[in-house]
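Protein chains in written order, with the numbering used here: chain A, -7 to 483; chain B, -7 to 483. Where is the CB? At the ideal position from N, CA and C, for every residue including glycine.
Number of protein chains: 2
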Amino acid sequence: MAKELTSKSENYSQWYNDLVVKADLAENSAVRGCMVIKPYGYAIWEKMQAELDRMFKETGHVNAYFPLFIPKSFFSKEADHVEGFAKECAVVTHYRLKNDPDGNGVVVDPAAKLEEELIVRPTSETIIWNTYKNWIQSWRDLPILCNQWANVVRWEMRTRLFLRTAEFLWQEGHTAHATKEEAIEETFKMVNVYADFAENFMAMPVIKGHKSENERFAGALDTLTIEALMQDGKALQSGTSHFLGQNFAKAFDVQFANKEGKLDYVWATSWGVSTRLMGALVMAHSDDNGLVLPPKLAPFQVVIVPIYKNDEQLAAISVKANEIVAKLKAKGISVKFDNNDAKKPGWKFAEYELKGVPVRLAMGPRDLENGTVEVARRDLLTKEVVNIDGIDQYVDNLLEIIQQTIYKKAFDYRTEHTTNVDTWDEFKEVLANKGGFISAHWDGTRETEQLIKDETKATIRCIPLDAVEEEGKCVYSGKPSNKRVLFAVAY
Amino acid sequence: MAKELTSKSENYSQWYNDLVVKADLAENSAVRGCMVIKPYGYAIWEKMQAELDRMFKETGHVNAYFPLFIPKSFFSKEADHVEGFAKECAVVTHYRLKNDPDGNGVVVDPAAKLEEELIVRPTSETIIWNTYKNWIQSWRDLPILCNQWANVVRWEMRTRLFLRTAEFLWQEGHTAHATKEEAIEETFKMVNVYADFAENFMAMPVIKGHKSENERFAGALDTLTIEALMQDGKALQSGTSHFLGQNFAKAFDVQFANKEGKLDYVWATSWGVSTRLMGALVMAHSDDNGLVLPPKLAPFQVVIVPIYKNDEQLAAISVKANEIVAKLKAKGISVKFDNNDAKKPGWKFAEYELKGVPVRLAMGPRDLENGTVEVARRDLLTKEVVNIDGIDQYVDNLLEIIQQTIYKKAFDYRTEHTTNVDTWDEFKEVLANKGGFISAHWDGTRETEQLIKDETKATIRCIPLDAVEEEGKCVYSGKPSNKRVLFAVAY
């Protein structure tokens, strides 16, 4: 191996950190909790952005940009929101530095103190609803369907690359509607977009459901979520869509004249996914050799590695390789021909395994003679020798097969690690020895959820949208329940 | 007119502000100096980003993301840089708020004071070179060709939408090279990319040149710039590309082993354009009726407005209009069919003029009978009746013609407003009565440039790359000079 990884079984957490750094996805920066997203990692994020952006626009949304800073007083306007977001945040108090009179570089200029402190946005509901107030007078101005791609800051004490960082990149949709029904419909529409993206692009199966009251977004009446299962049996919340009711409209006094000419408060939703998805992507599929990337999000889908002993051989292979490159590109497949002479084929094989390139083609002198090429799949680590004629069609099909195989593997893992549990002893036993999702009855109270969390660290990941009505008893309190909910230990 | 604009001749500055707000490009926010970029404005910016990003990638660059925050001490490491950038900036001093003991919302928690203050990036050379230190050991690690799309903050006291805002969006390229020659080549390559973009997409002619020492980027050995002329005769710096020498490598101790195995400092460039280009785009082309957008950057290039008296007429027109929409889309032309019944055609005409949609098609019952459509050009405000057969090809050609016409108009304006001047009296006279670029001899000293600025507000916009060697005398000091430079009053 070019760069040794800790094995998953030995230390999953260390394996993840090693992989993120060694596969050149991201690294820690000189600023506590802030990461550098490296070019290879950023290229994956750009692919995610492009697909999501297309999906948002297809569902009628437009992009806009709102200020990075939020006046401190805005947070106090919505009671729940201030509790959830105004605490651990970056506070701007001054707007100027000056030369240190003692000659030690620069110091904060005390004369440049802001009258009101500015908060670096942890989320933008407040500044956006303060803006919407000026955009909305009548029902004709609705709906407003804005999205923003932005950076946000939440001062987390314990950070992990992609999963929990002080600064992260995300998108936040903020919509305004004339009716409650329309806002609720939007909330569901966007959680479905997220699920579609997770399953069909990230190859990551997700459960759609409602958050319990404990886990709801600060200021929301309902939070919908997509929950995925990682390979260590822990759940990862991957995207959320919030029905905000009229809370923010009331906090910022955003009223509109409805069709009957009466004033009413506007209905709101917000929804977001972040660079956390990068962490989910890594943890959902990768193995001890490195990343396993679904072809639809791989920065390049195919790499061609020449095997040669001298310049003539390289020249002859290059001719064929460039033909293949042209054919693959014509099919919309991204491909890299790595003819770097400074690295040996073995090094390249390990490097592209580490980087998760879905398909590797290797060509040596014998392949040239026989009109063949060796095709290796990253997902299964299998190889076969394939006729060079029609290789473009072969690879095109193979990429689709790999996309499906990766999904199926994750789906099967989740199925195996989702356990129906009916007693508290079994709950604890499954959680301790098997992990994964536990489907169990719950009495619907915050108190019981908190007690379960205190005892086991498991939380209610969601109340699945497709939960079946079923009489039962709460696995903890024994009180009646009419449906099962999903528990897990979560990231 | 749907929304009255101040006329350009009456008050150019007010015309600009009116236009930016009324055409829904941007507006001021609740946060001093920070703007909201509205969906229509952001759609133009997205088009700019997409083209620039494609050009950067075609020239071998990759995107990455570096932290929003920079430790205060980093700024002191490069002597010139700290003077230029560490003064007017947003300073984060605390990381937590708490409930006000007096019950007035939230207050800064004094216990959560940062050991070292963080600066919201005004530009990222320092944090990036601190990162590159870990990426670079040998010549094999070079070049590094990274770009970042990001928000930055400079605490400007007097702000104007797009032209000068506390927060703005931009891209910043930061490259690292093994040799001086390669870094200089990169600096020129990128100013050429910017000029290509300005001229071929924004339809805005620019002069490429070197900045004088006074106007150079803080920390650069050479700054290349593209300078455009606005319709009020003032210049606007539209993009810059800096040769940074080894200044940042030395400040952050970034050395590499060269091919001979010796340690040397890395050579650097940085280059950027920002949402300021939005201001340039507006001011370069627009008129008293509103925006004039070059087709290559218009969010939609064609609008179709039906003229009808009843539902049957609208239905018949819609059939034809939808055929045209399909044909135009097949040619890659973006088009909107505005069948909104709540607005009159006259209102729509004014609205799309204000928004700068390059081509408007209008169809009424008589057009249906005759198989015609009325085609209006936004740039010249002319109309003609055109046969509906082949309308797609006609519009396709027309969009190209409009792109060229807008460019030529700006080019001709610039030619007319570029004056060779050889005496100080003439210099002042031209500046006062005609404006524009003044091409004049200069003795090459900072002092003379400053005296000219103090007396006239004009600065050296650039020393053009294509300046001809020519003996002359400085227009101000009378000292010898061997080429003309470009002066103007600038935004």
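Proximity test, Cβ basis, 7 Å: residue i and chain A
{"i": "B/Val12", "result": "no"}
{"i": "B/Pro31", "result": "yes"}
{"i": "B/Tyr386", "result": "no"}
{"i": "B/Val28", "result": "yes"}
{"i": "B/Val98", "result": "yes"}
{"i": "B/Ala(-6)", "result": "The predicted model places B/Ala(-6) with a pLDDT of 47, which falls under 50 and marks its position as unreliable; any figure quoted below should be read in that light. It does not; no Cβ of chain A falls within 7 Å."}
CB contact below 7 Å: residue i versus chain B
{"i": "A/Pro59", "result": "yes"}
{"i": "A/Trp147", "result": "yes"}
{"i": "A/His150", "result": "It is worth fixing the name first, because residue 150 of chain A is Arg in this sequence and not His. No, because no Cβ of chain B sits closer than 7 Å to the Cβ of A/Arg150."}
{"i": "A/Ser5", "result": "no"}
{"i": "A/Val54", "result": "yes"}
{"i": "A/Glu408", "result": "no"}
{"i": "A/Asn143", "result": "yes"}
{"i": "A/Ala22", "result": "yes"}
{"i": "A/Tyr485", "result": "Residue 485 of chain A is absent from the model: chain A starts at -7 and stops at 483."}
{"i": "A/Tyr8", "result": "no"}
{"i": "A/Tyr34", "result": "yes"}
Selected residue, minimal CA-CA separation from residue i, among the options
{"i": "B/Thr85", "options": "B/Thr151, B/Pro63, B/Pro114", "result": "B/Pro63"}
{"i": "A/Lys375", "options": "A/Cys81, A/Leu360, A/Ile383, A/Ala354", "result": "A/Ala354"}
{"i": "B/Asp458", "options": "B/Leu283, B/Phe292, B/His202", "result": "B/His202"}
{"i": "A/Glu207", "options": "A/Glu439, A/Val460, A/Gly253, A/Val112", "result": "A/Glu439"}
{"i": "A/Thr232", "options": "A/Val185, A/Lys321, A/Ile444", "result": "A/Val185"}
{"i": "A/Ile309", "options": "A/Val365, A/Ile444, A/Pro291", "result": "A/Val365"}
{"i": "B/Lys347", "options": "B/Lys79, B/Val145, B/Lys328", "result": "B/Lys328"}
{"i": "A/Pro484", "options": "A/Leu289, A/Ile316, A/Gly282", "result": "This structure cannot settle anything about residue 484 of chain A, because the visible part of chain A is limited to -7 through 483."}
{"i": "B/Asp371", "options": "B/Pro456, B/Phe292, B/Glu304, B/His277", "result": "B/His277"}
{"i": "A/Val99", "options": "B/Lys79, B/Ala290, B/Asp94, B/Pro102", "result": "B/Lys79"}
{"i": "B/Glu164", "options": "B/Gly237, B/Val23, B/Val265, B/Glu173", "result": "B/Val265"}
{"i": "B/Gly253", "options": "B/Gln129, B/Asp188, B/Pro350, B/Ile176", "result": "B/Gln129"}
{"i": "B/Ser326", "options": "B/Phe292, B/Gly356, B/Asp303, B/Glu345", "result": "B/Phe292"}
{"i": "B/Lys200", "options": "B/Ser230, B/Gln223, B/Phe209", "result": "B/Ser230"}
{"i": "A/Phe235", "options": "A/Asp214, A/Lys226, A/Val387, A/Ala227", "result": "A/Asp214"}
{"i": "A/Glu108", "options": "B/Cys454, B/Ser116, B/Thr118, B/Gly97", "result": "B/Gly97"}
Short Cβ contact (7 Å threshold) for residue i with residue j
{"i": "B/Phe244", "j": "B/Trp121", "result": "yes"}
{"i": "B/Ala18", "j": "B/Leu153", "result": "yes"}
{"i": "A/Ala190", "j": "A/Gly25", "result": "no"}
{"i": "B/Phe429", "j": "B/Ala480", "result": "yes"}
{"i": "A/Leu60", "j": "A/Arg113", "result": "yes"}
{"i": "B/His53", "j": "B/Asn126", "result": "no"}
{"i": "B/Ala313", "j": "B/Pro350", "result": "no"}
{"i": "A/Val211", "j": "A/Glu70", "result": "Going by the sequence as given, residue 211 of chain A is Gly instead of Val. The answer is yes: Cβ separation under 7 Å."}
{"i": "B/Ile29", "j": "A/Tyr34", "result": "no"}
{"i": "A/Met222", "j": "A/Met270", "result": "no"}
{"i": "B/Thr167", "j": "B/Thr261", "result": "yes"}
{"i": "B/Leu423", "j": "B/Thr448", "result": "yes"}
Exposure of residue i, with buried meaning 16 or more beta-carbon neighbours within 10 Å
{"i": "A/Pro31", "result": "buried"}
{"i": "B/Ser21", "result": "buried"}
{"i": "A/Asn379", "result": "exposed"}
{"i": "A/Ile526", "result": "With chain A covering -7 to 483 only, the question about residue 526 of chain A has no answer from this structure."}
{"i": "A/Thr407", "result": "exposed"}
{"i": "A/Pro93", "result": "exposed"}
{"i": "B/Met40", "result": "buried"}
{"i": "B/Asp359", "result": "buried"}
{"i": "B/Asn362", "result": "exposed"}
{"i": "B/Pro286", "result": "buried"}
Proximal residues, the region 165 to 196 of chain A versus chain B, C-beta separation under 9 Å
none
Interface residues of the region 110 to 124 of chain A facing chain B [CB-CB below 8 Å]:
When CB distances to chain B are screened at a threshold of 8 Å, the residues of the region 110 to 124 of chain A falling below it are Leu110, Ile111, Val112, Ile119, Asn122, Thr123, in chain order.
Got a sec: which bits of the region 69 to 89 of chain B sit with their beta carbon under 7 Å from any beta carbon on chain D, in order along the chain?
Of the protein chains in this structure, namely A and B, none is chain D.
Short-range partners of chain B found in the region 153 to 164 of chain A, where Cβ spacing is below 9 Å
Ala158, Glu159, Leu161
Short-range partners of chain A found in the region 462 to 483 of chain B, where Cβ spacing is below 9 Å
Those residues of the region 462 to 483 of chain B that come within reach of chain A (Cβ to Cβ, closer than 9 Å) do not exist; the list is empty.
Closer than 8 Å, Cβ to any Cβ of chain B: which residues of the region 330 to 344 of chain A, in chain order?
Ala334
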